[in-house]
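A.B. asks: Okay, so the sequence shown: first residue is 33 according to our numbering, each after it adds one. Questions regarding the structure given below will be posed in turn.
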Amino acid sequence: MFVPALALALGAGVSFELPSISLPLWAALAVLGLALRRPAGFCAAAFSLGVMAAAVRHGLPGDPLAPCNLKRPVEAVVRVAGHWSPDPEETGDETGWSAPAEVVRLRQDGLETEPDLEVLLHVPGGEEPPPFGSSLRVKAYLARSPGFANRRPVPAGPWRIRVKSRSLMELESPPGPIASLSAALRLRVEAAFREGPATPGKALARALVLGDASAFPMEWKRGLRVTGLYHLLSVSGVHVAIVAGAVWLLAGWLPRWLRLVLMLVAIGLYLMLVGPLPALVRSAVMGFLAVTALLVERPPAAVNALGWAVILLVLERPDVVLSVSFQLTAAATAGLLIAAPPLARRWNSLPRWLAAPLAASVGAQLLTIPWTLPRFHLLSPLAPLFNLVAVPWTGLALGGSLLWTLLALVSPGTAVHLLPVLDLLAAPFAWPVRTGPAAWFPVPMDVSWIASWLLALLLGLALFAPRRLALVGIGGLAVLVACHLPEPRGVELAMLDVGQGDAILLRDGDRAVLVDGGGWKTGDLGGRVLLPALLSEGVRRLDAVVMTHPDRDHCGGLVDIAAYLDIGEVWMGPGWKDEGCAGRLASLPGTPARHLWAGKETAVGRWRLRVLHPDPDEDRGTNERSLVIRAEALGRSVLLTGDVESWAEMRLLSCCEKEIRVDVLKVAHHGSYTSSTGSFLDAAHPRLALISAGVDNLYHHPSPVILERLAERSIPVLRTDRDGLILLRLRENRRMEIELPGAPR
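What follows is the structure, given as structure tokens:
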């Protein structure tokens, strides 16, 4: 059953890439496959069924939002398809809420459509939001992040509907009885979690019990990614097994059939509590099938159960195959059930207590490589060993979290006093962030989907094949690694596309320094954007990161990337408080901080860097205290200006007029009208201006006033919001070559 299920999922996935779909043709292929009455025919029929299911359910091919003007508000009817979580993106005094939702209808300018679209719905704070399963009529904007146009592009983010006021939202229809029960159960548990202070232990319990890691510290999440242990936060098979097992033990005095029925009830209630997360639904379906097999006194078939779980998920909503959660839960479970047993038998020289869990960990990691490596760009070769300790501890933490949750429902006051126990269980999850990433031996890799599949295949040969074929696999791995070694690079400047922020890479060969790194209020820009961008430029280590000033859109990404790549030093200006972003950078484990001010000089390869601003005792505002650096190499010069404004520019004119005359100017403050005065541009007289800004950013950067000033002086402009990554190569003959790998956007 697993192979046809795999064919069904593959067909659904392929359908999203097909330029045209003929349903009669695919139906004929399905009938022909069934008529063959052979395994290959059944797989062909399942593949065709997957294509047809996706085409019918999602209206493929075609863009369901083509009739809509996304720059204007829409009236939408949406169904809340998951439980609400506190929204960390909400600004103001009140915390907002976010939940997954399905768009039922869209209306704009009298035109009504019915796109089958999943969105993330954001509503303002205040009272509790409408319960899971409700249908809401909202007036809002439909939007998504535009992605990032670096050499390794990052696709656009999920669709979002953000409702600005509760007055723009009304209840269309209440939830059904099952959804109402689910919502009531969740609200009761949520109320218990709100009692007492917020602690790391409570954040871990929320992640493990409710599948909501929004309160889990981002630093801890990055540490788990580096060690290959992020899967520990996924609500899946372990949770279902513990819930079902607890019922079996507690109901030991009841007849066997009744205990099994209670196990089914417990699995169903837990699914209603957490919500329809793909990993949990897969685990719940397999748990239901296993317990049902015991009820009818038949041996459970785990591989067949996995196949049925995949079939039900794909037929219910075919676009689940595009979900990373579905891909990883299906692949990891297949690794546990299919790859691990023969591997454990192959390692029969090891003690049984070690061979079985090690084989399970290796099997799961092997089958998830094709999905994780091209998406997260990290291979953690020691993760199977870490799992030997981390998985049992997480099971203990999950058991403690479930008991604490039950106690919080019965006696909230007592549960609050036991929060230190949860903090103790959570403490090991913080260990990876207490050292630099090099201590955990991650391997940053920039590989394509095809190369990731090839890597998994060669590793499989090396692990499972007879000796001669295993040697072929090992040789193939060596060739694959050699093909992906960074190419020799010369003197370059790269302005990375990090959206509304700055990130400028100066490199010479294997020497590199990153000046600013962008940053988000929430989320992990370092892992999602900076890491693939740097790896695609051949950078796997940074000699230094430079914080021009501690605004989030310059500093936040530097903190993020420090979790993934080895960093030699942190450079920053003087006088910043030991808190916030600057404090986190200054306290990076094993990374010394170096303070720079006007007159200081340093070098990275052939790049010579001289700081022009600020003075060591400067006490003006944050932007005006930005580091201003003149960088020279091979007879060319670049001025990196951070976010300085007109006052700092006038000071530079008075002290450093000759030094600010350069070939390339990084326009200050993303092209804001408060910077780049006419006199400063005249003195700099650059041959090229670079502007880093986000697509359709809220600040309307770059300002039309600044663009007009640059045009009046015939200064060419390159912009990340329009051109993506901007790469300048400096040659020995003073030539300067420009490459725009991400253009046009």
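Every residue, glycine too, gets a C-beta built ideally from N, C-alpha and C.
(1) Tell me which same chain residues have a C-beta within less than 8 Å of the C-beta of Ala-216, skipping the five on either side of it?
(2) Pick out whichever of Val-660, Arg-668, Arg-763 has its Cα sitting closest to the Cα of Arg-683.
(3) Taking the straight line between their C-alpha atoms, what separation do you get for Leu-759 and Gly-559?
(4) Taking 8 Å as the cut-off, does the segment 592-602 touch the segment 557-573 (at least 3 CB pairs, one atom from each stretch)?
(5) Tell me the start and end of each unbroken alpha helix (DSSP H) in the segment 418-500 that is at least 4 residues and wholly inside, in chain order.
(6) Given this structure, state the Cα-to-Cα distance separating Gly-551 from Pro-373, to the nearest angstrom.
(7) Helix, strand or coil: which one does DSSP assign to Leu-723?
(8) Between which residues of its own chain and His-733 is the CB-CB distance below 7 Å, once the five residues before and five after are set aside?
(9) I think Gly-243 touches Ala-458, with their Cβ atoms under 8 Å apart; what is that distance to the nearest whole Å?
(10) For Ile-193, does the count of other Cβ atoms within 10 angstroms reach 16, so buried, or fall short, so exposed?
(11) Where DSSP assigns a beta bridge to Phe-79, which residues make up the other side?
(12) If I follow the unbroken beta strand (DSSP E) through His-645, where does it start and stop?
(13) Does the segment 622-642 come into contact with the segment 474-481, if we say contact requires no fewer than three beta-carbon pairs (one atom in each stretch) closer than 8 Å?
(14) Applying the 10 Å Cβ sphere with the 16-neighbour rule, what's the burial state of Trp-690?
(15) Given 8 Å as the limit, is there contact between the segment 353-372 and the segment 64-73, that is, 3 or more CB pairs closer than that?
(16) Suppose the cutoff is 6 Å on Cβ atoms and the five residues either side in sequence are ignored; what does the same chain contact list for Gly-114 look like?
(17) Considering only C-alpha positions, which residue in the set Pro-464, Arg-777, Ser-707, Leu-327 is nearest to Val-676?
(18) From Leu-538 to Lys-253, what distance separates their C-alpha atoms?
(19) Do Arg-668 and Met-527 come within 7 Å of each other at the CB atom, strictly closer than that value?
(20) For chain C, find out if any of its Cβ atoms is closer than 7 Å to the Cβ of Glu-159; answer yes or no.
(21) Name the DSSP beta bridge partners of Tyr-173, please?
(22) Between Leu-354 and the rest of its own chain, which residues show a CB-CB distance below 8 Å, the 5 nearest in sequence each way excluded?
(23) Buried or exposed for Thr-123, going by 16 or more other Cβ atoms inside 10 Å?
(24) Per DSSP, which one or two residues make a beta bridge with Trp-129?
(25) Could you give the distance in angstroms between the alpha-carbon of Leu-451 and the alpha-carbon of Ser-117?
(26) Would the beta-carbon of Val-258 fall within 7 Å of that of Pro-469?
(27) Going by beta carbon distance, what residues of the same chain come within less than 8 Å of Ala-322, once the five residues before and after it are set aside?
(28) Sort Asp-529, Val-112, Leu-454 by Cα distance to Gly-165 and report the nearest one.
(29) Per DSSP, which one or two residues make a beta bridge with Asp-598?
(30) Over what stretch of residues does the alpha helix (DSSP H) that includes Glu-771 continue unbroken?
(31) When the Cβ atoms of the segment 100-111 are set against those of the segment 373-387, are three or more pairs found closer than 8 Å?
C.D. replies: Result, derived from the coordinates:
(1) The residue labelled residue 216 in the question sits at position 184 within the sequence shown. For Ala-216, where only same-chain residues beyond five positions count, the Cβ hits under 8 Å are Pro-163.
(2) Position 651 of the sequence shown, counted from the start, is the residue given in the question as residue 683. For Arg-683, the nearest C-alpha among the options comes from Val-660.
(3) Walking along the sequence shown from the start, residue 759 turns up at place 727. Walking along the sequence shown from the start, residue 559 turns up at place 527. For Leu-759 and Gly-559, the distance between alpha carbons rounds to 21 Å.
(4) Yes, they touch.
(5) 444-449, 451-458, 481-496
(6) The residue labelled residue 551 in the question sits at position 519 within the sequence shown. The residue labelled residue 373 in the question sits at position 341 within the sequence shown. About 44 Å.
(7) Taking the first residue of the sequence shown as 1, we reach residue 723 at position 691. Checking the sequence shown, residue 723 turns out to be Ile, not Leu. The answer is strand: DSSP assigns Ile-723 an E or B state.
(8) Counting from one through the sequence shown, the residue named residue 733 turns up at place 701. In its chain, beyond the 5 residues on either side, His-702, Gly-703, Ser-704, Ala-725 have a beta carbon closer than 7 Å to the beta carbon of His-733.
(9) Your numbering for residue 243 matches position 211 in the sequence shown. Your numbering for residue 458 matches position 426 in the sequence shown. At roughly 16 Å, the Cβ-Cβ gap does not stay under 8 Å, so Gly-243 and Ala-458 are not in contact.
(10) Residue 193 sits at position 161 when you count from the first residue of the sequence shown. Buried, because 16 or more other Cβ atoms sit within 10 Å of the Cβ of Ile-193.
(11) Mapped onto the sequence shown, residue 79 falls at position 47. Its beta-bridge partners do not exist; DSSP assigns none.
(12) If you number the sequence shown from 1, residue 645 lands on position 613. Looking at the DSSP string, the run of the beta strand (DSSP E) that includes His-645 is 639-645.
(13) no
(14) If you number the sequence shown from 1, residue 690 lands on position 658. Note on residue identity: the sequence assigns Lys, not Trp, to residue 690. The residue in question, Lys-690, is exposed, as its Cβ has fewer than 16 Cβ neighbours within 10 Å.
(15) no
(16) As a first step, residue 114 must be located in the sequence shown, where it is residue number 82. These residues qualify, in order along the chain: Ala-131, Pro-132, Gly-307.
(17) As a working mapping, residue 676 is identified with position 644 in the sequence shown. That would be Ser-707, whose Cα lies nearest to the Cα of Val-676.
(18) Your numbering for residue 538 matches position 506 in the sequence shown. Your numbering for residue 253 matches position 221 in the sequence shown. Computed Cα separation, rounded: 29 Å.
(19) Here residue 527 corresponds to residue number 495 of the sequence shown, with the count starting at 1. Here residue 668 corresponds to residue number 636 of the sequence shown, with the count starting at 1. Between Met-527 and Arg-668, the C-beta gap is not smaller than 7 Å, which leaves the two residues out of contact.
(20) Protein chains in the displayed structure number just one, and chain C is not present.
(21) Looking up residue 173 in the sequence shown gives position 141. Arg-194, per the DSSP bridge assignment.
(22) As a first step, residue 354 is located in the sequence shown; it is residue number 322 there, counting from the start. The answer, listed in chain order, is Gly-45, Phe-48.
(23) As a first step, residue 123 is located in the sequence shown; it is residue number 91 there, counting from the start. With a pLDDT of 42 at Thr-123, under the threshold of 50, the modelled position of this residue cannot be trusted; read the value that follows with caution. Under this definition Thr-123 is an exposed residue.
(24) Sequence index remark: in the sequence shown, residue 129 carries index 97 (1-based). Paired residues: Pro-118, Val-155.
(25) As a position in the sequence shown, residue 451 is number 419, starting the count at 1. As a position in the sequence shown, residue 117 is number 85, starting the count at 1. If I take the Cα positions, the gap works out to 21 Å.
(26) By one-based count along the sequence shown, residue 258 stands at place 226. By one-based count along the sequence shown, residue 469 stands at place 437. Yes.
(27) As a first step, residue 322 is located in the sequence shown; it is residue number 290 there, counting from the start. If we look at Ala-322 and ignore the five residues flanking it on each side, its Cβ neighbours are Pro-332, Ala-334, Ala-337.
(28) Within the sequence shown, the letter at position 133 stands for residue 165. For the residues Asp-529, Val-112, Leu-454, the minimum Cα distance to Gly-165 belongs to Val-112.
(29) As a position in the sequence shown, residue 598 is number 566, starting the count at 1. In DSSP, Asp-598 forms a bridge with Arg-573.
(30) In the sequence shown, the residue the question calls residue 771 occupies position 739. No alpha helix (DSSP H) contains Glu-771, which is instead part of the beta strand (DSSP E) from 768-771.
(31) No, they do not touch.
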